[in-house]
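In this text, residue positions in the first sequence follow the numbering used here: the first is 849, and each later residue adds one. Built from N, CA and C at the ideal position, the CB exists for glycine as well. Predicted model, so just to flag it, every value in this text is computed and none were measured.
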Amino acid sequence: MIDLKVVRENPEAARRSQEVRGEDPSLIDALIAADDARRLALIEFETLRAEQNQLSKSVGSAKGDERNALLESAKELATKVKAADAVRAELEEKTNALQLQISNLIDPDAPVGGEADFVVLEEIGTPRDFTKDGFEPKDHVEIGKILKAIDTERGAKVSGSRFYYLTGPGALLEFALINFAISSAVKAGFIPVIPPVLVKPAAMEGTGFLGQAAENVFHLEEDDFYLVGTSEVPLAAYHRDEVLEELPVRYAGYSSCFRREAGTYGKDTRGIIRVHQFDKVEMFIYCKPEDAKAEHQRLLQWEKDFLNAMEIPYRVIDVASGDLGSSANRKFDCEAWIPTQGTYREVTSTSNCTEFQSRRLNIRYKAEDGTKPLATLNGTLVAIPRMIVAILENHQNEDGSVNVPAALRPFLGVDTLVPA
RNA sequence: GGUGGCGUGUCUGAGCGGCCUAAAGAGCACGCCUCGAAAGCGUGUGUGGGGGAAACUUCACCGUGGGUUCAAAUCCCACCGCCACCGCCA
849 MIDLKVVREN PEAARRSQEV RGEDPSLIDA LIAADDARRL ALIEFETLRA
899 EQNQLSKSVG SAKGDERNAL LESAKELATK VKAADAVRAE LEEKTNALQL
949 QISNLIDPDA PVGGEADFVV LEEIGTPRDF TKDGFEPKDH VEIGKILKAI
999 DTERGAKVSG SRFYYLTGPG ALLEFALINF AISSAVKAGF IPVIPPVLVK
1049 PAAMEGTGFL GQAAENVFHL EEDDFYLVGT SEVPLAAYHR DEVLEELPVR
1099 YAGYSSCFRR EAGTYGKDTR GIIRVHQFDK VEMFIYCKPE DAKAEHQRLL
1149 QWEKDFLNAM EIPYRVIDVA SGDLGSSANR KFDCEAWIPT QGTYREVTST
1199 SNCTEFQSRR LNIRYKAEDG TKPLATLNGT LVAIPRMIVA ILENHQNEDG
1249 SVNVPAALRP FLGVDTLVPA
């Protein structure tokens, strides 16, 4: 939720933010108008209410005829108060609804434009030259079959498209990645967390996933639970309605993630790049607003460290305004080189949500001058399927065996994955 | 799933229609005392919104949402959560 005061003080910046997101700038003016009306109605109600409080008090001590006369006028006043309160409530609701519709203000430094208008910040590593190695790279589906590591056919049989089984070395690879990720995170000072993956609507709404992103969320109708698409949701809602004393707080959440992937028919249908269910280690940080930019850079650095450890070529992009989630004011993606696609594909992503989520979730910290909303940030440490894709494809040998990155060997116990 | 009990400020906890402007204690902060500390004594002690240049003022908040009433922490309804016991269960 954006700060009403900021909007009132600088409506121009808010309108511009809406514009570069490709969202409706007139919402800002509607919000300001609604808020003005709301404040007028609030004054009206409060004046009447103060009168009523006073009158009610005198009823208590009055006797006989005097009391009856007071009751008479008090009754009249009560209906007025009720009416004024109804008006106030309606306007408050209207203001609130508008406020919830507006996405976070974009960082002015973020590139402007749509999905294709990202800016490449750096490229790290060099894509492997397979012609020099003398063979045609196989894609991860093929390698997965040869190694008996990934079974998409049976995944589809049992659960439908975009489902898969990780078997044998595939399953072991997941455990190794998780263990490496968690142990690195703990070394970096993160508190490891295994959160619930079914959450109530308030948690979804508070993190900003029930806006435009709602169609990508699984919902259990009967029990009104949502399946989280990322542990960012339970990690953000973890401190809902709390006042934190010590900042920053850093959590590394490990959970399954569920995504409907509505509107992606025909996109990435082969393999496990885009799936309905996967496991992920997510970093989540609560910090002071003034530290948010620095924390964002740290998150990006931890993501880069992980990819470096996987020995995978990748690039870092500064995601353009129109492609940001509604909670984010800036987002960096790390994209790994996928040899068989001849392109970089997103494997991790980190967003600075400033005070947007904490305002919705009512999470504050003790500042010198009172309790204030804090900043939240999130970043992927490792999303299993995509990392497996990157590892299998980049580190494959001609016979379908795969060299294990040195960092993973202690966790996997072998140097090479070999065909069964 | 069933039955019973309970949700009050930072915490413990009283209040069960109008002297609630929420008792009391603890904690915390400041002051006095002290070489210093403890004890003791005194003072203060929430959040959010509105108005105001400010002093200040006003409204809301006793799990959440409705309702009854001139007036609700207090009465009624629904929901959520916690605890105990019973049933079922990895």
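Between the Cα of E1151 and the Cα atoms of M1131, L1058, L1083 and E1080, which residue gives the shortest distance?
With distances taken between Cα atoms, E1151 lies closest to M1131.
Do you know offhand how far A1036's Cα is from E990's?
About 36 Å.
Sorted by chain position, which residues of the same chain lie with C-beta nearer than 6 Å to F1270's C-beta, five sequence neighbours on each side aside?
Within the shown structure, residues of the chain are numbered from 849 to 1268, placing residue 1270 beyond reach of any answer.
Do L925 and L948 come within 8 Å of each other at the CB atom, strictly closer than that value?
Cβ distance not < 8 Å, so L948 and L925 don't count as in contact.
The alpha helix (DSSP H) that contains L1147, what's its start and end?
Counting along the chain, the alpha helix (DSSP H) containing L1147 begins and ends at A1140 to A1157.
Express the C-alpha separation of I1120 and V1237 in angstroms, rounding to a whole number.
The alpha-carbon atoms of V1237 and I1120 are separated by roughly 7 Å.
Tell me which residues share the same chain as A932 and place their Cβ nearer than 6 Å to its Cβ, disregarding the 5 neighbours each side in the sequence.
Excluding sequence neighbours, A932 sits near E892, F893 and L896.
How about G1054 and Q1205: are their beta carbons less than 8 Å apart?
Yes. Within cutoff.
Is it buried or exposed for V854, if we count other Cβ within 10 angstroms and need 16 for buried?
The residue is exposed, with fewer than 16 neighbouring Cβ atoms inside 10 Å.
May I ask you to list the residues that DSSP assigns as paired with M1131?
In the DSSP output, where bridge partners are listed per residue, M1131 has A1100 and G1227.
Since S1103 and I1042 are thought to touch, with beta carbons under 8 Å apart, how far apart are those beta carbons, to the nearest angstrom?
So it is a contact: roughly 7 Å between Cβ atoms.
To the nearest angstrom, report how far apart L890 and L1095 are at their CA atoms.
Each residue's Cα considered, the two are about 36 Å apart.
Whole angstroms is fine: what's the gap from G1170's alpha carbon to V968's?
The alpha-carbon atoms of G1170 and V968 are separated by roughly 16 Å.
Using the C-alpha atoms, what's the distance from K928 back to A917?
Distance between the alpha carbons of A917 and K928: 17 Å.
For a quick check, are the C-beta atoms of T1198 and L1225 less than 8 Å apart?
Yes. Within cutoff.
In whole angstroms, what separates the C-alpha of R936 from that of L888?
Taking the straight line from one Cα to the other gives about 9 Å.
When you compare only the Cα positions, how much space is there between K1179 and A1142?
Rounded to the nearest angstrom, the two C-alpha atoms are 13 Å apart.
P1040 lies in the beta strand (DSSP E); which residues open and close that run?
I1039 to V1041 is the extent of the beta strand (DSSP E) around P1040.
Suppose the cutoff is 6 Å on Cβ atoms and the five residues either side in sequence are ignored; what does the same chain contact list for R863 look like?
For R863, where only same-chain residues beyond five positions count, the Cβ hits under 6 Å are P873 and I876.
I need the DSSP call for P956, collapsed to helix, strand or coil.
It is coil, neither helix nor strand.
What is the DSSP secondary structure of P1221, reduced to helix, strand or coil?
Note: P1221 maps to strand in three-state DSSP.
Residues in the same chain with beta-carbon distance under 7 Å from G961, minus the five sequence neighbours each way, listed in chain order, please.
If we look at G961 and ignore the five residues flanking it on each side, its Cβ neighbours are A1168, S1169 and G1170.
With a threshold of 6 Å on Cβ separation, who are the neighbours of N1200 within its own chain once the five nearest residues in sequence on each side are excluded?
Counting only Cβ-Cβ distances below 6 Å, and skipping sequence neighbours, we find A1140, H1144, N1177, R1178 and L1225.
Please go through the stretch 1075-1123 and give each complete alpha helix (DSSP H) segment of 4 or more residues, from N-terminal end onward.
Correct list: 1080-1085.
Taking the alpha-carbon positions, what's the A1231 to S951 distance?
So the two alpha carbons sit approximately 26 Å from each other.
From K1048, K993 and C1135, pick the residue whose C-alpha is nearest to that of A1215; which is it?
For A1215, the nearest C-alpha among the options comes from C1135.
Only counting runs of 3 or more residues, tell me where the beta strand (DSSP E) segments fall wholly within the stretch 1010-1060, in order along the chain.
Within the stretch 1010-1060, the complete beta strand (DSSP E) runs of at least 3 residues are 1039-1041.
Would the stretch 1061-1079 and the stretch 999-1016 be scored as touching if the rule is three or more Cβ pairs under 8 Å?
Flag = no, the stretch 1061-1079 and the stretch 999-1016 do not touch.
I need the boundaries of the beta strand (DSSP E) containing D1181, first residue and last residue.
Per DSSP, D1181 belongs to the beta strand (DSSP E) from R1178 to I1186.
So L1197 is in the beta strand (DSSP E); what residue range does that whole segment cover?
Correcting the residue type first, residue 1197 is Ser in the shown sequence and not Leu. It spans T1191 to N1200 - the beta strand (DSSP E) in which S1197 sits, taken as one unbroken run.
Within a Cβ cutoff of 8 Å, which residues of the same chain sit near E860, ignoring the five residues on either side of it in sequence?
Excluding residues within five positions, none has a Cβ falling inside 8 Å.
Would you give the residue range spanned by the alpha helix (DSSP H) that E1001 belongs to?
Note, E1001: alpha helix (DSSP H), T1000 to S1007.
Going by C-alpha distance, which of E963, F978, V1252 and A881 is nearest E1246?
Ranking E963, F978, V1252 and A881 by Cα distance to E1246 puts F978 first.
Using the DSSP secondary-structure output, state which residues sit across from I972 in a beta bridge.
Bridge partners of I972: Y1162.
Taking the straight line between their C-alpha atoms, what separation do you get for L1148 and T1202?
If I take the Cα positions, the gap works out to 16 Å.
Spell out the partners DSSP gives H1067 in its beta bridges.
Y1074, per the DSSP bridge assignment.
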